[in-house]
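Asks: Residue numbers (full-length UniProt numbering): 1 to 330.
All C-beta atoms in this analysis are idealised placements derived from N, C-alpha and C, irrespective of residue type, glycine included.
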């Protein structure tokens with residue numbers, strides 16, 4: 001991915017604080033994920049959300065018809081150089097207006113040319129089978145099972161939450177049923193972040209359009225320690241909101257290391273939000289300063305990408321990043 005500008009505050013390391021955008025709400029066959037009116041084994045609950053979307057129709061921005069992309073003639077000048085600056089450098093980025101973003105949004109996801117079916121393994125009584133590692137949250141695959149998981153035609157994999165059919169329901173990283181229902185009602189786009197271990201200061205998104213406030217979900221995951229600290233410094237109203245963020249408290253954390261627990265929502269948002277097509281992950285130290293639709297258009301829709309991530313200014317591949325994690329004791 002191209003270098004990201006300092007204005008959006010995402011010039012950070014992949015291993016620590018990453019702003020990720022993922023298109024995951026459609027199946028590999030190109031068909032929409034099945035919907036139902038009640039909580040199912042797949043965690044789908046969408047009837048009330050349909051009514052909500054109908055109520056929001058008058059708030060949609062005016063329809064814009066574009067005969068060319070507004071940024072097609074935008075020139076990218078070299079980023080400024082500073083001798084004493086060793087980190088990431090700002091670079092110019094062309095964003096378009098929110099109403100133009102919607103006109104540029106793709107209609108449907110393309111069908112995967114390889115993956116035909118994806119299944120998640122459930123091990124309600126997961127126990128270590130040998131010395132190959134694993135965990136009660138992620139399962140204990142044997143070496144043979146690990147090898148088979150690379151069969152990408154018909155993938156059957158352990159993807160966290162192995163103890164139950166509904167992620168977050170007695171699986172580790174547990175979430176109250178009322179919050180799960182709210183998450184399952186979220187459709188189309190979610191912006192999510194997490195504070196685990198009371199390390200950071202909550203940042204509120206800025207420059208968010210009224211349309212996004214009405215159509216995009218903003219979820220903040222907290223552990224009980226962080227929730228207690230936040231209650232001492234700010235108020236969480238009866239709707240469990242702190243300004244734009246809808247707060248979800250997670251319990252029964254699967255790991256003893258806070259950073260590792262923070263990776264659960266960061267990497268497994270598709271499992272926590274089964275009805276969502278696009279997700280944007282905001283690292284704990286970061287602030288979203290652009291409208292979600294502007295971010296999606298710039299970093300995904302414009303190049304028909306399915307995944308986008310900020311580039312580290314020093315680590316240029318996963319091996320360098322792994323070495324840095326190892327050296328840092330992460």
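Could you check what DSSP says for residue 230 in three-state terms: helix, strand or coil?
Replies: Position 230 of the chain shown holds residue 230. Here residue 230 sits in helix by DSSP.
Asks: Could you pull the start and end residues of the beta strand (DSSP E) that residue 189 belongs to?
Replies: Position 189 of the chain shown, counting from 1, holds the residue named residue 189. Per DSSP, residue 189 belongs to the beta strand (DSSP E) from 188-195.
Asks: Quickly, what does DSSP pair residue 156 with across the bridge? List them, please.
Replies: As a first step, residue 156 must be located in the chain shown, where it is residue number 156. Partner(s): 119.
Asks: Rounded to whole angstroms, how far is the Cβ of residue 121 from the Cβ of residue 183, which I believe are closer than 8 Å?
Replies: If you number the chain shown from 1, residue 121 lands on position 121. If you number the chain shown from 1, residue 183 lands on position 183. Contact flag wrong, Cβ pair sits at about 22 Å.
Asks: Quick one, are the C-beta atoms of residue 100 and residue 70 less than 8 Å apart?
Replies: Reading the chain shown from its first residue, position 100 is the one you call residue 100. Reading the chain shown from its first residue, position 70 is the one you call residue 70. The answer is yes: Cβ separation under 8 Å.
Asks: Could you tell me whether the Cβ atoms of residue 149 and residue 157 are closer together than 8 Å?
Replies: As a working mapping, residue 149 is identified with position 149 in the chain shown. As a working mapping, residue 157 is identified with position 157 in the chain shown. It is a contact, given that the beta carbons lie within the stated cut-off.
Asks: Tell me residue 139's beta-bridge partners as DSSP assigns them.
Replies: Within the chain shown, residue 139 is the residue found at index 139, counting from 1. Answer is 135.
Asks: Less than 8 Å between the CB atoms is what I'm expecting for residue 181 and residue 254, so what's the real figure, rounded?
Replies: One-based indexing of the chain shown puts residue 181 at position 181. One-based indexing of the chain shown puts residue 254 at position 254. At roughly 22 Å, the Cβ-Cβ gap does not stay under 8 Å, so residue 181 and residue 254 are not in contact.
Asks: Return yes when the Cβ of residue 293 is within less than 8 Å of the Cβ of residue 212, no when it is not.
Replies: The residue labelled residue 212 in the question sits at position 212 within the chain shown. The residue labelled residue 293 in the question sits at position 293 within the chain shown. Contact flag set, yes.
Asks: Below 6 Å CB to CB, which residues in the same chain sit around residue 206 once its five sequence neighbours on both sides are set aside?
Replies: One-based indexing of the chain shown puts residue 206 at position 206. Contacts found: 289.
Asks: Beta-carbon separation of residue 190 and residue 279 under 8 Å?
Replies: Sequence index remark: in the chain shown, residue 190 carries index 190 (1-based). Sequence index remark: in the chain shown, residue 279 carries index 279 (1-based). Yes, these two residues count as a Cβ contact at 8 Å.
Asks: Between which two residues does the beta strand (DSSP E) carrying residue 279 extend?
Replies: Taking the first residue of the chain shown as position 1, residue 279 is located at position 279. It spans 276-281 - the beta strand (DSSP E) in which residue 279 sits, taken as one unbroken run.
Asks: Taking C-beta to C-beta, are residue 195 and residue 162 nearer than 8 Å?
Replies: Sequence index remark: in the chain shown, residue 195 carries index 195 (1-based). Sequence index remark: in the chain shown, residue 162 carries index 162 (1-based). In this structure, residue 162 does not lie closer than 8 Å to residue 195 by Cβ.
Asks: May I ask which residues mark the beginning and end of the beta strand (DSSP E) holding residue 251?
Replies: For this step, residue 251 is matched to residue 251 along the chain shown. Segment 245-251, the beta strand (DSSP E) holding residue 251.
Asks: Would you grab the beta carbon distance between residue 208 and residue 291 for me? Rounded to a whole angstrom, and I think it's under 8 Å.
Replies: Counting from one through the chain shown, the residue named residue 208 turns up at place 208. Counting from one through the chain shown, the residue named residue 291 turns up at place 291. At roughly 6 Å, the Cβ-Cβ gap stays under 8 Å, so residue 208 and residue 291 are in contact.
Asks: In the DSSP assignment, find the unbroken beta strand (DSSP E) run with residue 220 in it and report its ends.
Replies: The residue given as residue 220 occupies position 220 in the chain shown. It spans 217-223 - the beta strand (DSSP E) in which residue 220 sits, taken as one unbroken run.
Asks: If you follow the beta strand (DSSP E) that residue 310 is in, where does it begin and where does it stop?
Replies: Taking the first residue of the chain shown as position 1, residue 310 is located at position 310. Neither: residue 310 is in no beta strand (DSSP E) and is coded neither H nor E.
Asks: Looking at the structure shown, is residue 241 part of a helix, part of a strand, or coil, going by DSSP?
Replies: Working through the chain shown from its first residue, we reach residue 241 at position 241. In the structure shown, residue 241 sits in a strand (DSSP, three-state: E or B).
Asks: Note down, in chain order, each residue of its chain lying with its Cβ closer than 8 Å to the Cβ of residue 58, except the 5 sequence neighbours on either side.
Replies: Along the chain shown, one-based indexing puts residue 58 at 58. Since pLDDT at residue 58 reaches only 45, below the 50 mark, its modelled position is unreliable, and the value read off the structure follows with that caveat. Once the five neighbours on either side are set aside, residue 58 has no close Cβ partner at all.
Asks: Might you give, ordered along the chain, the residues of its own chain that have their beta carbon closer than 6 Å to the beta carbon of residue 328, omitting 5 neighbours on each side?
Replies: Position 328 of the chain shown, counted from the first residue, corresponds to residue 328. Contacts found: none.
Asks: So, residue 106 versus residue 301, is the Cβ gap smaller than 8 Å?
Replies: Taking the first residue of the chain shown as position 1, residue 106 is located at position 106. Taking the first residue of the chain shown as position 1, residue 301 is located at position 301. Result yes, Cβ atoms of residue 106 and residue 301 sit closer than 8 Å.
Asks: Mind reading off the beta-carbon distance from residue 159 to residue 186? Whole number of angstroms is fine, and I expect it under 8 Å.
Replies: Here the question's residue 159 lines up with position 159 in the chain shown. Here the question's residue 186 lines up with position 186 in the chain shown. Between residue 186 and residue 159 the Cβ distance is about 19 Å, and since that is not below 8 Å, they are no contact.
Asks: Can you look up residue 317 in the DSSP assignment and give me helix, strand or coil?
Replies: Within the chain shown, the letter at position 317 stands for residue 317. Coil at residue 317, not helix or strand.
Asks: Given a cut-off of 8 Å on the beta-carbon distance, is the pair residue 164 and residue 224 in contact?
Replies: Counting from one through the chain shown, the residue named residue 164 turns up at place 164. Counting from one through the chain shown, the residue named residue 224 turns up at place 224. For residue 164 and residue 224, no; Cβs fall outside 8 Å.
Asks: My understanding is that residue 202 touches residue 242, with C-beta atoms under 8 Å, so please give their C-beta distance in whole angstroms.
Replies: Working through the chain shown from its first residue, we reach residue 202 at position 202. Working through the chain shown from its first residue, we reach residue 242 at position 242. That belief holds up - the Cβ atoms of residue 202 and residue 242 are roughly 7 Å apart, short of 8 Å.
Asks: Hey, how far is the Cα of residue 335 from the Cα of residue 64?
Replies: One cannot answer for residue 335 here, as it falls past the ends of the chain, which runs 1 to 330.
Asks: What separation, rounded to the nearest whole angstrom, lies between the Cα atoms of residue 141 and residue 239?
Replies: Locating residue 141 in the chain shown gives position 141, counting from the first residue. Locating residue 239 in the chain shown gives position 239, counting from the first residue. Spanning the two alpha carbons is a distance of roughly 40 Å.
Asks: Taking 8 Å as the threshold (C-beta atoms), are residue 200 and residue 284 in contact?
Replies: Mapped onto the chain shown, residue 284 falls at position 284. Mapped onto the chain shown, residue 200 falls at position 200. Yes, the pair counts as a contact, with Cβ atoms nearer than the cut-off.
Asks: Hey, how far is the Cα of residue 269 from the Cα of residue 263?
Replies: Here residue 269 is taken as the residue at index 269 of the chain shown, counted from 1. Here residue 263 is taken as the residue at index 263 of the chain shown, counted from 1. Each residue's Cα considered, the two are about 10 Å apart.
Asks: Note down the Cα distance separating residue 316 from residue 281, rounded to an integer number of angstroms.
Replies: Along the chain shown, read from residue 1 onward, the residue named residue 316 stands at position 316. Along the chain shown, read from residue 1 onward, the residue named residue 281 stands at position 281. Approximately 20 Å between the Cα atoms of the pair.
Asks: Taking the straight line between their C-alpha atoms, what separation do you get for residue 155 and residue 68?
Replies: Position 155 of the chain shown, counted from the first residue, corresponds to residue 155. Position 68 of the chain shown, counted from the first residue, corresponds to residue 68. The straight-line gap from Cα to Cα measures roughly 40 Å.
Asks: Rounded to whole angstroms, what is the Cα-Cα separation between residue 175 and residue 226?
Replies: Taking the first residue of the chain shown as 1, we reach residue 175 at position 175. Taking the first residue of the chain shown as 1, we reach residue 226 at position 226. Approximately 15 Å between the Cα atoms of the pair.
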